[in-house]
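Undergrad: For the record, in the sequence shown the residue sitting at position 332 is 332 according to the working numbering, with numbers rising by one throughout.
All C-beta atoms in this analysis are idealised placements derived from N, C-alpha and C, irrespective of residue type, glycine included.
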Amino acid sequence: MSHEKSDDSATDPQPEDRETDDVAGHSALGDAISVPPRQGWATVDKTVFGVSAGIILVICLLGVFFTEAIGGVAASALAWVTTNLGWLFILGASAFVVFALVLAFGRYGSIPLSREGQGTEFSTLSWVAMMFSAGMGIGLMFFGVYEPVTHLADPPPFVDAAPGSPEAANAAMAYTLFHWGLHPWAIYAVVGLALAYSTYRMGRGNLMSAPFQALFGRDRIEKKGWGKPIDILAIICTKFGSATSLGLGALQIAAGISLLQTGEFVDDPGTGLPIIIICVLTVGVVFSAASGVSKGIKWLSNTNMVLAAVLLTFVFVAGPTVFILDLIPSSIGSYLTELVPMSFHSAVFGGTDWLASWTIFYWAWWISWTPFVGTFIARISRGRTIREFVLGVMLVPTGVSVLWFAIFGGAGLNLQLNGVDIAGTGDEAAGFFAALQHYPFFIGTALVVMVLTAVFFVSGADAGALVLGTLSSRGRKEPWKPLVILWAVLTGAVAAVLLYVGGLGALQTFTILAATPFVLIIIGLCVSLYVDLRRDPLRQRQLGPVRTASENLASVPFTRPVTDEVTDPHLTIDTDGDGIPDAPSPLHPEP
């Protein structure tokens with residue numbers, strides 16, 4: 001199957017054509033049928049935009065003028081969530097892994113996320129690069145060295161190993177891969193899959209609320225406004241999740257600049273320089289957002305892949321190469337061996353603070369990014385099959401994470417095991433630089449790290465602004481550019497305010513609080529997707545009668561050419577969209 005960009009211009013209606021079709025009451029499969037024929041400010045959903053932007057602005061103003069009070073309330077809320085709802089994050093994340101794999105390897109795996117015969121929009125390389133840089137870029141830079149060496153110096157409470165021991169190093173890599181492997185990408189996969197199927201297969205709007213039409217009907221979700229609270233919550237959740245990543249990126253760049261200026265690591269660099277960095281990089285985000293996904297995000301993502309590959313190769317060659325090669329299979333083995341126990345560790349017998357700082361924070365961080373990353377991955381995944389989508393989203397980035405942490409984390413572990421205190425040097429943001437200063441060409445590699453982080457900042461904020469524009473524009477795939485730019489500026493503002501309120505701790509706290517209600521939304525998306533898939537005529541099943549086949553297919557807007565294959569008289573299709581079945585469909589068609 002070719003994954004090169006296809007030329008569908010003759011058959012794929014442009015946005016104006018799709019809007020006209022909606023007015024007429026007809027829409028081709030995969031078109032956003034809920035978008036009215038409007039332009040500019042008229043395309044914006046005033047309720048969704050106004051409420052979500054208003055809530056975000058109020059929180060920012062409160063953080064600026066009542067900093068201590070907001071910090072105290074947030075800390076109390078965080079303590080309550082981690083104590084009483086930690087189990088929800090732990091069980092939910094593992095359930096999403098199981099659900100995604102069942103869909104990939106079950107009867108629904110061959111169903112395409114598109115109308116029949118429609119090709120992919122991006123090559124596989126660009127597809128992987130864009131979803132990876134959008135999904136984890138800054139986090140990999142921030143935690144690439146810091147997390148493994150921290151777990152080595154201070155092992156998790158569930159690990160029976162002495163600090164600084166080889167056993168602690170083994171557990172450190174297992175937990176690091178656990179936090180960056182299958183679980184986070186499964187969370188992204190289930191959300192992205194539900195949105196891609198709803199948009200490209202069912203012809204609904206590209207909104208977080210659109211898949212819920214499977215449960216409540218289009219009339220309630222779109223016309224009666226039941227979907228608006230979901231979209232508002234998605235925007236707020238996305239805003240704080242992306243702001244956390246941008247704040248981490250700004251802290252790391254600031255740590256690098258301070259080190260190059262003074263030659264020393266600073267334990268508390270303050271928030272002034274990171275806020276200035278956010279303001280400067282936000283200007284780059286605005287320019288990138290104005291250029292669109294095919295130019296801005298795609299170019300930035302591909303550039304980052306090249307820079308990351310260069311940095312990886314340098315550390316691998318200049319660092320402890322044999323140690324890293326030995327660490328790769330050892331880490332994978334430890335990760336897979338301990339995957340089930342790590343997945344279900346809770347605070348019932350202790351470890352509340354550690355879980356809140358690490359596992360629950362990570363799950364909340366990934367969940368807070370799902371409206372953004374899920375919508376973005378869905379946006380670039382037209383034409384992939386469910387199996388290809390799930391395996392691509394889960395396995396490829398997980399494999400890159402293994403390589404990333406084996407090389408950078410392995411370099412840090414090797415130094416720490418040999419008496420160099422990487423974990424205790426400077427603050428969290430300085431970990432990467434603390435390891436690189438023991439290698440040649442430190443100034444050059446430090447600059448590469450800062451450039452990588454900056455480009456991850458711009459590409460992530462750019463993609464996030466595009467998604468926020470879509471969510472506040474009734475699902476338009478190409479939202480009004482001034483609106484996208486406004487969301488990009490607000491993302492930088494939120495990141496700056498959170499750093500001002502409390503630095504890294506405030507970023508973690510607000511991420512967990514924003515993500516908590518969205519766990520329920522993701523569960524609802526899984527149920528909605530399953531309901532839709534049960535009605536898909538391309539699902540593979542055993543021979544025998546199909547319950548309510550006619551009723552199901554009458555509500556599903558699939559079109560497919562008639563073939564000479566053996567057919568099932570119970571299965572019919574509607575090629576002209578009038579709701580009247582007009583031809584039999586193949587019993588076991590290939591997608």
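Would you mind stating whether G502 and G71 have Cβ atoms separated by less than 8 Å?
TA: Yes, the pair counts as a contact, with Cβ atoms nearer than the cut-off.
Undergrad: According to DSSP, which residues form a beta bridge with T385?
TA: Answer is P112.
Undergrad: Take L61 and list the residues in its own chain whose beta-carbon comes closer than 6 Å to its own, dropping the five residues that flank it on each side.
TA: Correct list: empty, nothing qualifies.
Undergrad: Under 8 Å by Cβ, that's how I've got T385 and P112 pegged, so tell me the actual separation to the nearest angstrom.
TA: Right, their Cβ atoms sit about 5 Å apart.
Undergrad: Excluding the five sequence neighbours on either side, which residues of its own chain have a C-beta within less than 6 Å of the C-beta of L57, listed in chain order?
TA: The answer is none, since no qualifying residue turns up.
Undergrad: Taking the alpha-carbon positions, what's the A214 to L248 distance?
TA: The straight-line gap from Cα to Cα measures roughly 38 Å.
Undergrad: Does the stretch 411-421 come close enough to the stretch 192-200 to have 3 or more Cβ pairs within less than 8 Å?
TA: With the cut-off at 8 Å, the stretch 411-421 and the stretch 192-200 do not touch.
Undergrad: Using a beta-carbon distance below 8 Å, is A318 in contact with chain B?
TA: Reference to chain B is not applicable here, since this structure consists of a single protein chain.
Undergrad: Which residue's Cα is closest to the Cα of I380: A463, V322 and F441?
TA: The residue with the shortest Cα to Cα distance from I380 is A463.
Undergrad: Apply the 10 Å Cβ neighbour rule to P166 and answer buried if 16 or more other Cβ atoms are within range, or exposed otherwise.
TA: Exposed is the call here.
Undergrad: How about F372 and V286: do their beta carbons lie closer than 8 Å?
TA: Going by C-beta atoms, F372 is not nearer than 8 Å to V286.
Undergrad: Counting only the same chain and skipping the five closest in sequence on each side, list residues whose C-beta sits under 8 Å from that of F311.
TA: Strictly speaking, residue 311 in this sequence is Leu, with Phe absent from that position. Contacts found: T445, V448, V449 and L452.
Undergrad: Exposed or buried, G40, counting other C-beta atoms within 10 Å across all chains shown (16 or more means buried)?
TA: So G40 ends up on the exposed side.
Undergrad: Please confirm whether T370 and V81 have their CB atoms less than 8 Å apart.
TA: No, the Cβ-Cβ distance between T370 and V81 is not below 8 Å.
Undergrad: Going by C-alpha to C-alpha distance, which of F457, I55 and Q508 sits closest to N304?
TA: Cα-wise, what sits closest to N304 is F457.
Undergrad: So what does DSSP say about M202, is it helix, strand or coil?
TA: The answer is coil: DSSP assigns M202 none of H, G, I, E or B.
Undergrad: How big is the Cα-Cα spacing for L391 and Y530?
TA: Roughly 18 Å between the two C-alpha positions.
Undergrad: Does the Cβ-Cβ distance between P479 and G492 come in under 8 Å?
TA: No, the Cβ-Cβ distance between P479 and G492 is not below 8 Å.
Undergrad: Would you mind working out which of R535, I523, I235 and T150 sits nearest A100, comparing C-alpha positions?
TA: Checked all of R535, I523, I235 and T150; the closest Cα to A100 is I523.
Undergrad: If A168 sits next to A161, beta carbons under 8 Å apart, how far is it from one beta carbon to the other, in whole angstroms?
TA: Contact flag correct, Cβ pair sits at about 4 Å.
Undergrad: Between the alpha carbons of G86 and V73, how many angstroms are there, rounded?
TA: Rounded to the nearest angstrom, the two C-alpha atoms are 19 Å apart.
Undergrad: Check this for me: beta carbons of L471 and D219, under 8 Å apart or not?
TA: No; because the gap between Cβ atoms is not below 8 Å, this pair is not in contact.
Undergrad: Alpha carbon to alpha carbon, how far is A42 from S401? Give it in angstroms, no decimals.
TA: The straight-line gap from Cα to Cα measures roughly 42 Å.
Undergrad: Please look up how many angstroms separate the CB atoms of A243 and P274, rounded, as I've assumed it's under 8 Å.
TA: Not confirmed; about 12 Å, so no contact.
Undergrad: In the DSSP assignment, find the alpha helix (DSSP H) that holds R539 and state where it starts and stops.
TA: Per DSSP, R539 belongs to no alpha helix (DSSP H) and is neither H nor E.
Undergrad: From this set, V519, A495 and R539, which residue's C-alpha is nearest G63's C-alpha?
TA: With distances taken between Cα atoms, G63 lies closest to A495.
Undergrad: Using a Cβ-Cβ cutoff of less than 8 Å, which residues in the same chain neighbour A406 once the five nearest sequence positions on both sides are dropped?
TA: For A406, where only same-chain residues beyond five positions count, the Cβ hits under 8 Å are M173, I324, L327, I328 and S331.
Undergrad: Hey, I512 and L78: beta-carbon distance below 8 Å or not?
TA: Cβ atoms of I512 and L78: closer than 8 Å.
Undergrad: By a C-beta neighbour count over all protein chains shown, 10 Å radius and 16 as the cutoff for buried, is G374 buried or exposed?
TA: By the neighbour-count rule (16 or more Cβ atoms within 10 Å), G374 is buried.
Undergrad: Whose CA, out of A93, G50 and T262, lies closest to the CA of I360?
TA: Closest option to I360, Cα to Cα, is A93.
Undergrad: In three-state DSSP terms, what is N302?
TA: Helix.
Undergrad: Just how far apart, CA to CA, sit A506 and L498?
TA: Cα to Cα, the separation comes out at about 6 Å.
Undergrad: Relative to the C-alpha of G399, which residue among L336, I221, D532 and S288 is closest?
TA: Selected option, being the one with the closest Cα: L336.
Undergrad: Enumerate, from N- to C-terminal direction, the unbroken beta strand (DSSP E) stretches of 3 or more residues contained entirely within the stretch 202-226.
TA: Listed in chain order, there is nothing to give.
Undergrad: Can you give the Cα-Cα distance for A488 and T67, rounded to whole angstroms?
TA: Spanning the two alpha carbons is a distance of roughly 24 Å.
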